[in-house]
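To keep things clear, I will list the structure first and then write my remarks on it.
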Amino acid sequence: MKILVCISHVPDTTSKINFADNNTAFDTAGVQFVINPYDEFGLTRALWIKEKQGGTVTVANVGTNVTDPTLRKALAIGADDAIRIDAEPTDAFFVAKQIAALVEENGYDLVICGQESIDYNGGQVPGLVAALLNWPFASPCTGLELDGTNATITREIDGGKEISKATLPIVIGGKKGLVEEKDLRIPNMRGIMTARTKPLLVRPAVDAEKRTTAVEYSKPEPKAAVKLIDKDNVEELVKLLHEEAKVI
Amino acid sequence: MSVLIYAESWEGKFKKATFEAVSYGARVAASMGTNAIAVTIGDAEDASILGKYGASKTIHVGGVSTFNNAAYASIINQVAANQDANTIIVAATNNGKMIAPFLAVQAEAALITNAIALPSSTAPLTVLRSAFSSKGLVKYQSNADKNVICIVPNAIGVATIEADGTAEESSVSADASLKAIAPEKVERVSGKIALPEAELVVSAGRGMKAPENWNIIQELADLLGAATACSKPVSDIGWRPHSEHVGQTGIQINPNLYIAIGISGAIQHLAGVSASKTIVVVNSDPEAPFFKAADYGIVGDAFEVVPKLTAAIKAFKANN
Ligand SMILES: Cc1cc2nc3c(=O)[nH]c(=O)nc-3n(C[C@H](O)[C@H](O)[C@H](O)COP(=O)(O)OP(=O)(O)OC[C@H]3O[C@@H](n4cnc5c(N)ncnc54)[C@H](O)[C@@H]3O)c2cc1C
Ligand SMILES: Nc1ncnc2c1ncn2[C@@H]1O[C@H](COP(=O)(O)O)[C@@H](O)[C@H]1O
Chain V
0 MKILVCISHV
10 PDTTSKINFA
20 DNNTAFDTAG
30 VQFVINPYDE
40 FGLTRALWIK
50 EKQGGTVTVA
60 NVGTNVTDPT
70 LRKALAIGAD
80 DAIRIDAEPT
90 DAFFVAKQIA
100 ALVEENGYDL
110 VICGQESIDY
120 NGGQVPGLVA
130 ALLNWPFASP
140 CTGLELDGTN
150 ATITREIDGG
160 KEISKATLPI
170 VIGGKKGLVE
180 EKDLRIPNMR
190 GIMTARTKPL
200 LVRPAVDAEK
210 RTTAVEYSKP
220 EPKAAVKLID
230 KDNVEELVKL
240 LHEEAKVI
Chain P
76 MSVLIYAESW
86 EGKFKKATFE
96 AVSYGARVAA
106 SMGTNAIAVT
116 IGDAEDASIL
126 GKYGASKTIH
136 VGGVSTFNNA
146 AYASIINQVA
156 ANQDANTIIV
166 AATNNGKMIA
176 PFLAVQAEAA
186 LITNAIALPS
196 STAPLTVLRS
206 AFSSKGLVKY
216 QSNADKNVIC
226 IVPNAIGVAT
236 IEADGTAEES
246 SVSADASLKA
256 IAPEKVERVS
266 GKIALPEAEL
276 VVSAGRGMKA
286 PENWNIIQEL
296 ADLLGAATAC
306 SKPVSDIGWR
316 PHSEHVGQTG
326 IQINPNLYIA
336 IGISGAIQHL
346 AGVSASKTIV
356 VVNSDPEAPF
366 FKAADYGIVG
376 DAFEVVPKLT
386 AAIKAFKANN
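In the order they appear, the protein sequences are chains V and P. Counting from 1, position 229 in the first sequence corresponds to residue 228 in my numbering; the numbering is continuous, with no gaps. Counting from 1, position 111 in the second sequence corresponds to residue 186 in my numbering; the numbering is continuous, with no gaps.
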């Protein structure tokens with residue numbers, strides 16, 4: 000079983016977001032980067048599959064060398080090897096083409112992505128990869144059980160969940176539920192030491208178009224100051240919700 | 076040329092997000108000087124009702140029963156080709172989000188997701204989208220001739236017009252070589268309002284102290300016809316189901332009203348709810364960070380304030 004876990008390198012969840020170059024770029028100054036939280040659930044699930052059925056877990060990222068520490072962290076958590084495709088990941092289609100090319104070359108059985116990256120919230124790469132490969136796709140995936148090459152997949156649908164079957168290979172866009180929060184693996188000292196000697200291969204990007212360009216960044220309008228209402232006068236709140244906010 | 080909208084239905088009924096997508100598509104079509112055409116797959120109610128939202132014609136493709144994202148994309152793309160549509164609009168429901176990337180790959184189109192506004196230009200197509208978990212907005216420009224736009228439910232709103240649409244049957248069938256997962260079972264949380272499309276949401280956090288205290292939250296939600304949500308720790312410790320977890324790592328929502336009870340307002344929580352149009356916070360700590368992100372706030376004990384609020388809304392409803 001060869002598993003590929005796609006890792007996106009994103010600002011820590013507590014980051015303040017600012018823009019640079021006259022609002023044409025995301026300002027990375029002072030920002031701490033982490034493994035995309037959704038990908039962490041997928042990575043732990045991949046390690047569980049390996050421990051149960053045998054195989055290898057490779058992590059991959061399309062990015063410049065600034066993402067190497069993120070890949071090293073994934074190695075410290077337990078991935079066997081890492082591949083970085085050396086390019087700026089500015090367009091989802093371009094990124095998906097890189098991952099699809101890697102999959103075709105190395106022949107993975109299972110590609111695990113997160114449902115979306117918490118920076119641009121695109122939610123595009125996993126579906127594009129699946130479509131490029133013509134593999135079955137499931138997202139947002141909250142459960143994945145394998146019995147050999149037979150997969151049972153749970154995904155969220157609006158107001159419920161759907162349970163499906165598929166035969167590997169498949170691509171999933173995962174989230175919490177693949178494993179629980181308490182099960183997430185974190186790097187221990189031994190993991191960090193061995194990560195230093197695990198392979199992190201850098202390869203050039205394949206040719207692919209960029210179908211979109213981010214042209215301008217901005218921030219949402221700040222909220223006006225809160226209107227505080229006395230706890231003994233909740234009728235006032237109901238009135239404001241009806242007359243002012245017009246939501247009830 | 077035309078604009079095609081995928082009109083998603085659930086158990087034979089169009090979703091609210093569909094009406095929104097059709098209204099959006101109609102306005103995009105108008106700005107391009109062309110028609111908006113809707114396509115619906117599988118069980119559907121009278122398709123001509125989409126005329127009210129601006130679809131000049133709705134094409135129904137029958138003979139498909141279970142959801143299959145690859146097959147649906149193949150059908151939608153064939154209809155798009157038949158109707159000469161270079162722009163396809165999809166609502167970002169859980170199924171819509173699985174169809175959109177397949178549409179883009181099959182049609183060699185650009186894909187713009189998370190759209191929250193009408194295009195600011197149609198040539199090249201330029202659309203404002205939400206990013207950084209609602210902490211930022213980014214204008215995306217397409218570099219392709221064909222485009223798929225995936226719009227965030229409840230961000231743009233539904234617009235109705237005085238018009239009739241026509242309905243038409245089509246017999247296109249999906250490319251059989253496409254692979255997809257095979258749904259075997261759907262477990263619908265019955266009788267409850269789905270969080271991603273809810274207009275009103277009542278949410279509670281660790282301030283509720285224990286799961287058995289949620290009855291006052293449920294009561295308020297039921298009275299309002301609201302969906303219920305919760306903070307992450309509450310779902311992690313199992314007080315509430317994962318499907319209710321909102322925030323940066325949970326579901327991102329933008330209802331018209333979000334009532335947050337006993338939730339501190341951590342940055343990761345706000346990332347999933349700050350796009351809500353009106354935010355009400357009930358918290359016993361006047362220093363709770365959530366008050367900075369709220370429109371209305373009550374400093375007080377939830378166990379005292381929530382029943383009072385429920386009673387006041389009941390009285391209001393009785394008089395209105
Ligand atoms: C990587 C990462 C991702 C995360 N993602 C998310 C996410 O997606 N969503 C999310 O919600 N969190 C997320 N978190 C967690 C977040 O940082 C907070 O810990 C969490 O939101 C706090 O939940 P809470 O407000 O329910 O609990 P607490 O922080 O414990 O707050 C409880 C609040 O209740 C108030 N209170 C207590 N008693 C009463 C009472 N009787 N009446 C009224 N008020 C009362 C208190 O004053 C307090 O403000 C994430 C954290 C990390 C590190
Ligand atoms: N640059 C990238 N390198 C590797 N994987 C990525 C990259 N961008 C996105 N992904 C994967 O695709 C998922 C969804 O990302 P996105 O489409 O960017 O929202 C992420 O959770 C990753 O698993």
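We treat Cβ as the ideally placed atom computed from N, Cα and C, and that holds for glycine.
How many Å lie between residue i and residue j at the Cα?
i               : j               : result
G100 of chain P : L178 of chain P : 16 Å
Q181 of chain P : G126 of chain V : 12 Å
A363 of chain P : S339 of chain P : 5 Å
L125 of chain P : S349 of chain P : 31 Å
L193 of chain P : I224 of chain P : 10 Å
A304 of chain P : V276 of chain P : 7 Å
T399 of chain P : N232 of chain V : Nothing can be reported for residue 399 of chain P: it is not among the residues displayed for chain P, which extend from 76 to 395.
N60 of chain V  : V4 of chain V   : 9 Å
K389 of chain P : G108 of chain P : 48 Å
A257 of chain P : V170 of chain V : 14 Å
V247 of chain P : P228 of chain P : 28 Å
T69 of chain V  : G190 of chain V : 14 Å
A242 of chain P : K90 of chain P  : 18 Å
T157 of chain V : N170 of chain P : In the sequence under discussion, the amino acid at residue 157 of chain V is Asp, which differs from the Thr named in the question. Each residue's alpha carbon lies about 8 Å from the other.
T201 of chain P : E379 of chain P : 49 Å
T12 of chain V  : S138 of chain V : 22 Å
D159 of chain P : G121 of chain V : 27 Å
G282 of chain P : S351 of chain P : 21 Å
Y37 of chain V  : H320 of chain P : 14 Å
Which residues does DSSP pair with residue i in a beta bridge?
i               : result
P10 of chain V  : V:F32
W85 of chain P  : P:K88
Y333 of chain P : P:V276 and P:I354
F25 of chain V  : V:F18
S163 of chain V : V:I152 and P:P258
K1 of chain V   : V:T55
V61 of chain V  : V:I84
K214 of chain P : V:E215 and P:L203
D250 of chain P : For D250 of chain P, which the question treats as bridged, DSSP gives no partner whatsoever.
H317 of chain P : Bridge partners of H317 of chain P: none, in fact.
D146 of chain V : V:N149
I342 of chain P : Answer is none; I342 of chain P lacks a bridge partner.
S196 of chain P : P:T201
V201 of chain V : V:R83
R263 of chain P : V:G159
T303 of chain P : P:V277
K132 of chain P : P:I112 and P:T241
T162 of chain P : P:V78 and P:N222
F136 of chain V : V:V170
Tell me, to the nearest whole angstrom, how far the beta carbon of residue i is from that of residue j; I am working on the premise that it is less than 8 Å.
i               : j               : result
I134 of chain P : V78 of chain P  : Contact flag wrong, Cβ pair sits at about 13 Å.
F256 of chain V : A213 of chain V : The structure shown does not extend to residue 256 of chain V, since chain V spans only 0 to 247, so no value can be given for it.
I226 of chain P : A166 of chain P : 6 Å
G54 of chain V  : I2 of chain V   : 6 Å
K222 of chain V : A368 of chain P : 6 Å
K164 of chain V : A150 of chain V : 7 Å
F366 of chain P : G372 of chain P : 5 Å
D26 of chain V  : F18 of chain V  : 6 Å
I152 of chain V : I76 of chain V  : Not quite, the Cβ-Cβ distance comes to about 23 Å (not below 8 Å), so this is no contact.
Y215 of chain P : T211 of chain V : 5 Å
L132 of chain V : A81 of chain V  : Wrong, their Cβ atoms sit about 21 Å apart, outside the cutoff.
V139 of chain P : A146 of chain P : 7 Å
(request) Give every residue whose Cβ lies closer than 5 Å to any heavy atom of ligand 1, listed in chain order. (result) V:T12, P:G280, P:R281, P:G282, P:S306, P:K307, P:P308, P:G322, P:Q323, P:T324, P:G325, P:G337, P:I338, P:S339, P:A341, P:Q343, P:H344, P:N358, P:S359, P:D360, P:A363, P:D376 and P:A377
(request) Would you list, in chain order, the members of the stretch 194 to 211 of chain V that have their beta-carbon closer than 8 Å to a beta-carbon of chain P? (result) E208, K209, R210 and T211
(request) For the stretch 165 to 188 of chain P, enumerate the residues whose C-beta is nearer than 9 Å to any C-beta of chain V, in chain order. (result) Taking 9 Å as the Cβ-Cβ cut-off against chain V, the residues of the stretch 165 to 188 of chain P that qualify are A167, T168, N169, N170, K172, M173, I174, A175, P176, F177, L178, A179, V180, Q181, E183, A184, A185, L186, I187 and T188.
(message) By the 9 Å beta-carbon criterion, what residues does the stretch 113 to 126 of chain V contribute toward chain P?
(response) Cβ contacts with chain P: Q114, E115, I117, D118, Y119, N120, G121, G122, Q123, V124, P125 and G126.
(request) Quick one: which residues of the stretch 111 to 140 of chain P get their C-beta closer than 8 Å to a C-beta of chain V? List them in chain order. (result) Cβ contacts with chain V come from no residue of the stretch 111 to 140 of chain P.
(request) Quick one: which residues of the stretch 307 to 324 of chain P get their C-beta closer than 7 Å to a C-beta of chain V? List them in chain order. (result) Of all residues in the stretch 307 to 324 of chain P, D311, H317, S318, Q323 and T324 have a Cβ within less than 7 Å of some Cβ in chain V.
(request) Residues of the stretch 1 to 24 of chain V with a CB closer than 7 Å to any CB of chain P: list them in chain order, please. (result) T12, T13 and I16
(request) Return the residues of the stretch 206 to 219 of chain P that lie within a Cβ-Cβ distance of less than 8 Å from chain V, sorted by chain order. (result) A206, F207, S208, S209, K210, G211, L212, V213, K214, Y215, Q216, S217, N218 and A219
(message) For the stretch 71 to 93 of chain V, list every residue whose C-beta sits within 8 Å of some C-beta in chain P, in sequence order.
(response) A91 and F92
(request) Note down, in chain order, all residues in the stretch 238 to 258 of chain P with a beta-carbon under 8 Å from any beta-carbon belonging to chain V. (result) The residues in question are S252, L253, K254, A255, I256, A257 and P258.
(request) Would you list, in chain order, the members of the stretch 94 to 114 of chain V that have their beta-carbon closer than 7 Å to a beta-carbon of chain P? (result) none
(message) Against chain P, which members of the stretch 211 to 224 of chain V pass a CB distance test of less than 9 Å?
(response) T211, T212, A213, V214, E215, Y216, S217, K218, P219, K222, A223 and A224
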